[in-house]
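Okay, so here's the structure we're looking at.
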Amino acid sequence: MPELPEVETVRAGLAPALTGARVLAIEIFDERSLKRHRSGPADFVQTLVGARIASVVRRGKFIWMPLEFDSKSATQQAGTPQLALVGHLGMSGQMLLRKRGDAPDKLTRVIINCETKRGKLIEFRFIDQRLFGGLQLDELVATPDARAGGFSPNAAKAKWWTNLIPASAAHIARDPLDEFFDADAVWLRFHKKHSGVKRVLLDQQLLSGIGNIYADEALWQAKLHYDQPADTIKRTTFDSLLASVRSILEKAVAEGGTSFDEQYKNVNGESGYFDVSLNAYGMTDQPCGRCGKAIRRDSWMNRGSHFCPNCQRLRKTA
DNA sequence: AACACATCCTGACTGC
DNA sequence: TGCAGTCAGGATGTGT
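Quick look at the structure:
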C-alpha cells in the first residue's frame, strides 16, 4: 500500500486541481471511511460543503487540505480553530480525480464534488478496499517546532496554514525528505532503541513515510538484517542507511510511486513503475542482485520481511 | 517508558 | 463453478 512516494504522487496530483477549489456537495457510500471524523458523517458534510481548499499538504503518509470558509471568516477571526480535511490511504486507499459524471470507480466510498478555481466541475473520489484509510475534518494546531507542518509546493511563501498541522497528525515525525528533517535528533533516539532496525524504521513517530516495501529495500541496500537491534548500529551505518532511505524514496517519487499490486494508483487511476527496480520486496526465491543468493521472505509482524540471507546477516555490531 | 502484539476490515486471487 | 483459505505496502490501542 501507499508509502511516502505513493502519497506524495497523490498529493502532487491533487494539488493543481484542488488548490483554490470549492466543495459543492458530498456523496457518502460507506460511512466507515469517515469513522475517524468523530462528529459523524452529517457534521462532515455540513461543515465541508462550501469550504475552499487552500492547499494540499503532506507529512509522511498523511495528506491534508487547509480549509477557508467565506461565511465563517468573522468567527474564525474570533478564535475558532482552523480546520483541514485530513486523508490517510491506510493499506488500500486511493484518491482519484474525475470529471463530474465520469464512469464510477469500484469501491468508491466517498465523493467530494468540487468546482475548481477555473470553474471546472470535478469529483474527488476516495476509494478504499480494506477501510483502514479514511477522511476526517480536524483542527489545525501549531507545529511543536514552529516550522512548516508538511510539504506542499506553494508553502515557500508563508501562508496562514504553513506552520500548522492537523491535531491527528501532530505526533507524526518529519519524513526523511522534509526540509526540516533533523538526522542528528533522529540518531539520538534511534541508537537507544533495542528493537530490530526494521521495526524502528517503521515507527512513524521517529521518522515517517517508510512502510514495509521501502523498509525492505533500504535494508537490502544498506546490507542490514531486519532484526539487527538499533542499539548495535554505528552512526556511520545509520548515516548510510538514511542515505539509502532517501535515495530510494526520491527515486520512487520521481517515478510516480510503486505499483507492486493493483492497489496503488495515482489520481488518474494509473499505476507507477517503481516495481521494476525492486531488489528485495516481493523477490522471494529470486537471486539477490548483489551476490546471487536467493532472497528469503520471513514471516514478521503479521507480514513479510524480504532480505538476502547472505548480504544481510545479524551481527554483534553493524 | 519502551516494547511487542492484536486488532481493525474487505476484496482479489489461488488452489482444490 | 464454487468455495475455503490466503494475502495485502498501516496505524493504533492495550497489555506487560
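This note's numbering puts the first residue of the first sequence at -18, with every later residue one more than the last. Even glycine gets a Cβ: it sits at the ideal position worked out from N, Cα and C. The structure presented is a predicted model; accordingly, all values stated were derived computationally and were not measured.
Whose CA, out of 287, 21 and 109, lies closest to the CA of residue 259?
-> By 1-based counting over the first sequence, the position of residue 259 is 278. In terms of CA proximity to residue 259, 287 leads the group 287, 21 and 109.
Examine the Cβ distances between the stretch 62 to 82 and the stretch 174 to 181 and report whether three or more of them are shorter than 8 Å.
-> Output reads no: the stretch 174 to 181 does not touch the stretch 62 to 82.
Are there 16 or more other CB atoms within 10 angstroms of the CB of residue 282, so buried, or fewer, so exposed?
-> Here residue 282 refers to the residue found at position 301 of the first sequence. In summary, residue 282 is exposed, with fewer than 16 beta-carbon neighbours lying within 10 Å of its beta-carbon over all protein chains present.
Below 6 Å CB to CB, which residues in the same chain sit around residue 218 once its five sequence neighbours on both sides are set aside?
-> Along the first sequence, read from residue 1 onward, the residue named residue 218 stands at position 237. These residues qualify, in order along the chain: 299.
Candidates 237, 246 and 48, of which the one nearest residue 117 by Cα | Position 136 of the first sequence, counting from 1, holds the residue named residue 117. The shortest C-alpha separation from residue 117 is found at 48.
Distance, Cα to Cα, residue 34 vs residue 191?
-> Residue mapping note: residue 34 aligns to position 53 of the first sequence, counting from 1. Residue mapping note: residue 191 aligns to position 210 of the first sequence, counting from 1. Residue 34 and residue 191: Cα-Cα distance of roughly 27 Å.
Taking just the CA atoms, how far does residue 87 sit from residue 10?
-> Along the first sequence, one-based indexing puts residue 10 at 29. Along the first sequence, one-based indexing puts residue 87 at 106. In a straight line, the C-alpha of residue 10 is about 11 Å away from that of residue 87.
Residue 132: which of 285, -17 and -10 sits nearest, CA to CA?
-> In the first sequence, residue 132 corresponds to position 151, counting from 1. Distance check between residue 132 and each of 285, -17 and -10 places -10 closest, using alpha-carbon atoms only.
State the Cα-Cα distance for the pair residue 198 and residue 189, rounded to the nearest angstrom.
-> Numbered from its first residue, the first sequence carries residue 198 at position 217. Numbered from its first residue, the first sequence carries residue 189 at position 208. For the pair residue 198 and residue 189, the Cα-to-Cα distance works out to about 16 Å.
Alpha carbon to alpha carbon, what distance is there between residue 275 and residue 269?
-> To locate residue 269, count along the first sequence from 1; it is residue 288. To locate residue 275, count along the first sequence from 1; it is residue 294. Straight-line measurement puts the Cα of residue 275 at about 6 Å from the Cα of residue 269.
Touching by the beta-carbon criterion (3+ pairs, under 8 Å), the stretch 39 to 47 and the stretch 89 to 103 | Per the Cβ contact rule, the stretch 39 to 47 is not in contact with the stretch 89 to 103 (fewer than 3 Cβ pairs under 8 Å).
Reduced DSSP category for residue 280 - H, G, I as helix; E, B as strand; rest coil = Within the first sequence, residue 280 is the residue found at index 299, counting from 1. Three-state DSSP puts residue 280 in a strand.
Counting Cβ pairs closer than 8 Å, one from the stretch 101 to 111 and one from the stretch 142 to 160, do we hit at least three?
-> With a cut-off of 8 Å, the stretch 142 to 160 and the stretch 101 to 111 do not count as touching, because too few Cβ pairs lie within range.
For residue -14 versus residue 263, is the C-beta spacing smaller than 7 Å?
-> The sequence position of residue -14 within the first sequence is 5, counting from 1. The sequence position of residue 263 within the first sequence is 282, counting from 1. Against a cut-off of 7 Å, the Cβ pair of residue 263 and residue -14 comes out as no contact.
Length at least 3, wholly inside the stretch 16 to 52: the beta strand (DSSP E) runs in chain order | Entirely contained in the stretch 16 to 52, the beta strand (DSSP E) runs reaching 3 residues are, in chain order, 38 to 40 and 43 to 49.
Alpha-carbon spacing of residue 205 relative to residue 297, whole angstroms = The residue given as residue 205 occupies position 224 in the first sequence. The residue given as residue 297 occupies position 316 in the first sequence. Whole-angstrom Cα-Cα distance: 12 Å.
Just how far apart, CA to CA, sit residue 195 and residue 32?
-> Within the first sequence, residue 195 is the residue found at index 214, counting from 1. Within the first sequence, residue 32 is the residue found at index 51, counting from 1. When rounded, the distance between both Cα atoms is 36 Å.
Would you please state the rounded distance, in angstroms, between the beta carbons of residue 185 and residue 121? I believe it to be under 8 Å.
-> The sequence position of residue 185 within the first sequence is 204, counting from 1. The sequence position of residue 121 within the first sequence is 140, counting from 1. Contact flag wrong, Cβ pair sits at about 19 Å.
Whole-angstrom distance between residue 159 and residue 46, CA atom to CA atom | Numbered from 1 along the first sequence, position 65 holds the residue referred to as residue 46. Numbered from 1 along the first sequence, position 178 holds the residue referred to as residue 159. Between residue 46 and residue 159, the C-alpha separation is close to 18 Å.
Over the uninterrupted beta strand (DSSP E) stretch that includes residue 91, give me the two end residues.
-> Locating residue 91 in the first sequence gives position 110, where the first residue counts as 1. Its beta strand (DSSP E) spans residues 89 to 96.
For residue 6, the residue or residues it bridges with in DSSP | Position 25 of the first sequence, counted from the start, is the residue given in the question as residue 6. Looking at the DSSP assignment, residue 6 forms a beta bridge with 94.
From residue -6 to residue 215, what distance separates their C-alpha atoms?
-> Along the first sequence, read from residue 1 onward, the residue named residue -6 stands at position 13. Along the first sequence, read from residue 1 onward, the residue named residue 215 stands at position 234. Per the coordinates, the alpha-carbon of residue -6 lies some 39 Å from the alpha-carbon of residue 215.
Bridge-paired residues (DSSP) for residue 121 = In the first sequence, the residue the question calls residue 121 occupies position 140. Per DSSP, 147.
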